[in-house]
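Numbering (the UniProt record's numbering), first residue to last: 1 to 232. In this text, a Cβ means the ideal position worked out from N, Cα and C, and glycines have one as well. What follows is a short report on a single structure.
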């Protein structure tokens, strides 16, 4: 089940050490693991998460079977797993930092966002304890560094990794020049969401550092055939 504790447990049990997920915050500041801002698609609840308290959400079931999870519970349940977490809303930023701090999990959590402002606030609140992705502005500058004109790399490094789609509209983002610019800047390139084995192979050949997928079974097959699978 999508974004459920049981799914995370299974992934870790099968040897995956890195889990990607998403978080929102309730109206009383509890961070919950869920992709959509609304409950309707994947749970038996309805309405926005931000408009409900944790007490109201505790009875909501993911897939009609499993209680929606607090981020703290997931981090505590899986103390050896690393998490890449998309902080989906501005209201979740401060509660997210507090939750990671309470569990003492900064060393195994990376924060991502499609918002430059959200990322800047995460960095201000958590400081160097928290690894973050690059925001859209920094990714655009990195792409320009590889394709248009070199820029001083110190202006690009606002995050430890560029998490990007292979293409954005008609623009191909992930190319050799982009990866070379990222390597010069000392940042990793992670691509999403890749669910085709041949495309995984192509991207690994290009030199990407990470692949986000909804088909971890395929990714494991590809990494195994290349001698790169290293189960936890």
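query                                                                                                                                                                        : result
Are the beta-carbon atoms belonging to residue 233 and residue 63 less than 7 Å from one another?                                                                            : Because the chain spans 1 through 232 in this model, residue 233 falls outside it and cannot be assessed.
Can you tell me which residues form a DSSP beta bridge with residue 161?                                                                                                     : 133 and 188
Answer with buried or exposed for residue 229, where buried requires no fewer than 16 other C-beta atoms within 10 angstroms of its C-beta.                                  : exposed
Provide the residue span of the beta strand (DSSP E) that contains residue 103, from first to last.                                                                          : That residue, residue 103, is in no beta strand (DSSP E); its alpha helix (DSSP H) goes 93-103.
Please state whether DSSP places residue 88 in a helix, a strand or coil.                                                                                                    : coil
DSSP state of residue 177, grouped into three classes?                                                                                                                       : helix
Is the distance from the Cβ of residue 92 to the Cβ of residue 23 below 7 Å?                                                                                                 : yes
Taking residue 21 as part of the alpha helix (DSSP H), name the residues at either end of that continuous run.                                                               : Taken as a continuous stretch (DSSP letters only), residue 21 belongs to no alpha helix (DSSP H), being part of the beta strand (DSSP E) at 18-25.
Roughly how many angstroms separate the alpha carbons of residue 72 and residue 202, rounded to a whole number?                                                              : 36 Å
So which of 170, 33, 180 and 68 has the shortest CA-CA distance to residue 89?                                                                                               : 33
Assuming residue 87 and residue 113 form a contact by the criterion Cβ under 8 Å, report the distance between their Cβ atoms to the nearest whole angstrom.                  : 5 Å
If you draw a straight line from the alpha carbon of residue 146 to that of residue 67, how long is it in whole angstroms?                                                   : 45 Å
Going by alpha carbons, who is nearest to residue 204 out of 175, 184 and 214?                                                                                               : 175
Here's a check: name, in chain order, each residue in its chain whose Cβ is nearer than 7 Å to the Cβ of residue 213, leaving out the five neighbours to either side.        : 193, 194, 195 and 219
Considering only their Cβ atoms, is the gap separating residue 162 from residue 134 smaller than 7 Å?                                                                        : yes
Excluding the five sequence neighbours on either side, which residues of its own chain have a C-beta within less than 6 Å of the C-beta of residue 3, listed in chain order? : 21, 33, 34 and 35
Within 10 Å of its beta-carbon, does residue 70 have 16 or more other beta-carbons around it, so buried, or fewer, so exposed?                                               : buried
Exposed or buried, residue 57, counting other C-beta atoms within 10 Å across all chains shown (16 or more means buried)?                                                    : buried
Rounded to whole angstroms, what's the CA-CA distance from residue 226 to residue 169? Just pull it up for me.                                                               : 31 Å
Taking its Cβ as the centre, do 16 or more other Cβ atoms sit within 10 Å of residue 13, making it buried, or is it exposed?                                                 : exposed
Would you identify the three-state DSSP class for residue 166, choosing helix, strand or coil?                                                                               : coil
The beta strand (DSSP E) with residue 32 in it runs from where to where?                                                                                                     : 31-33
For residue 110, which residues of its own chain have a beta-carbon under 6 Å away from its beta-carbon, when the five flanking residues on both sides are left out?         : 84 and 131
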